[in-house]
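Here is the structure we will look at, set down as structure tokens.
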Amino acid sequence: MWKSIRVGVLLMVLGVVASNAWLEQHRAVAWRDSLYVGVFPVAADQRPTTQAYVATLQRESFAVLEPFFAKEARRYGLPLATPFRIELFPALAAPPPLAPAPAAANPLTTVWWSLRMRWYAWRFGSATGRPTPHVRVFVLYHDPALNPALPHSVGLRKGQIGLVNAFASDAQGGANAIVIAHEVLHTVGATDKYDAETDAPLYPQGFADPDQKPRYPQLRAEIMAGRRAITERDQDMPDSLDDCVIGTATAAEIGWLTR
Ligand SMILES: [Zn+2]
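Each residue of the sequence shown is one higher than the one before, counting from 207 in my numbering.
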């Protein structure tokens with residue numbers, strides 16, 4: 207009997223999570239009002255430098271994001287001046303569950319992680335006296351000296367949650383913003399536009415200027431490719447969002463082309 211009660215409670219929790227996610231998703235794609243994005247910083251390690259860096263973060267640290275989305279929305283004729291409103295929330299002490307590495311990921315580990323992530327977002331993704339954001343992005347800051355390569359960042363459409371792994375360094379601020387913008391767009395339905403094996407942008411949808419002649423080097427990156435193709439084999443990440451665009455394929459996926 208206890209077992210069936212436990213299963214019943216679990217199913218109820220899943221039902222609530224699923225219906226909330228459906229409502230959030232439904233609200234998100236209408237683009238009638240700004241989508242409210244909450245950024246929640248978290249120090250990924252105990253280093254004093256990482257803790258100090260997280261403490262210095264301010265709303266201005268993420269100021270490049272709103273104008274990037276606004277500029278791109280304008281290009282597509284979206285009648286909404288500020289499609290994404292970015293708000294900084296107080297840093298969290300509890301770390302989010304780490305996403306399974308792409309190599310180790312299977313449907314079961316992915317679903318299990320996404321449920322734990324949604325639980326985490328439900329518990330920690332709000333602050334007293336402030337409205338709960340539509341999209342919650344948890345940014346885990348790592349010491350670049352400890353972690354030269356960062357774990358994978360993820361954006362979930364269901365539940366509209368992003369988990370971004372970033373470097374605790376001002377020099378990496380531009381790259382961090384690119385990753386945040388990429389994961390935010392995942393939460394509203396954009397898909398990746400790079401080759402998972404090689405990181406190469408997919409042609410033409412992952413190119414900022416697919417019609418450019420000659421095709422290489424691309425000066426700008428399509429945001430869901432995250433990198434720009436320098437040659438047929440090489441690609442790099444631009445220094446800042448100024449050199450990124452939302453391509454037409456991504457614009458179609460997030461509902462910016464239908465009007
Ligand atoms: Zn992605």
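Just so you know, even glycine gets a beta-carbon here, dropped at the ideal spot from N, CA and C.
Neighbourhood of ligand 1, defined by CB distance below 6 Å to any of its heavy atoms: His388, His392, Asp398, in chain order.
Under the three-state reduction of DSSP output, Arg342 falls in the strand class.
Here Asp401 is not near Arg426, since their CB atoms are 7 Å or more apart.
Among the bridge pairs identified by DSSP, Pro357 is matched with none. Rounded to the nearest angstrom, the gap between the Cα atoms of Leu241 and Pro289 is 6 Å. Burial is judged here by how many other beta carbons sit within 10 angstroms of a residue's own beta carbon; Gln252 has fewer than 16 and is exposed.
Proximity to Leu263 across Pro410, Val245, Ala299, Ala305 peaks at Val245, based on C-alpha coordinates. Distance from the CA of Trp325 to the CA of Arg281, rounded to the nearest whole angstrom, comes to 37 Å.
Assignment of beta-bridge partners to Leu369 by DSSP yields Phe344, Val360. In the three-state DSSP reduction, Tyr326 falls in the helix class (H, G or I). Per DSSP, Pro350 is not a residue of any alpha helix (DSSP H), being assigned neither H nor E. Contact between the stretch 366 to 378 and the stretch 337 to 351 is present: 3 or more CB-CB pairs across the two stretches fall below 8 Å.
In the DSSP assignment, Glu293 falls within the beta strand (DSSP E) that extends over 290 to 294. Counting along the chain, the unbroken alpha helix (DSSP H) around Pro273 starts and ends at 271 to 281.
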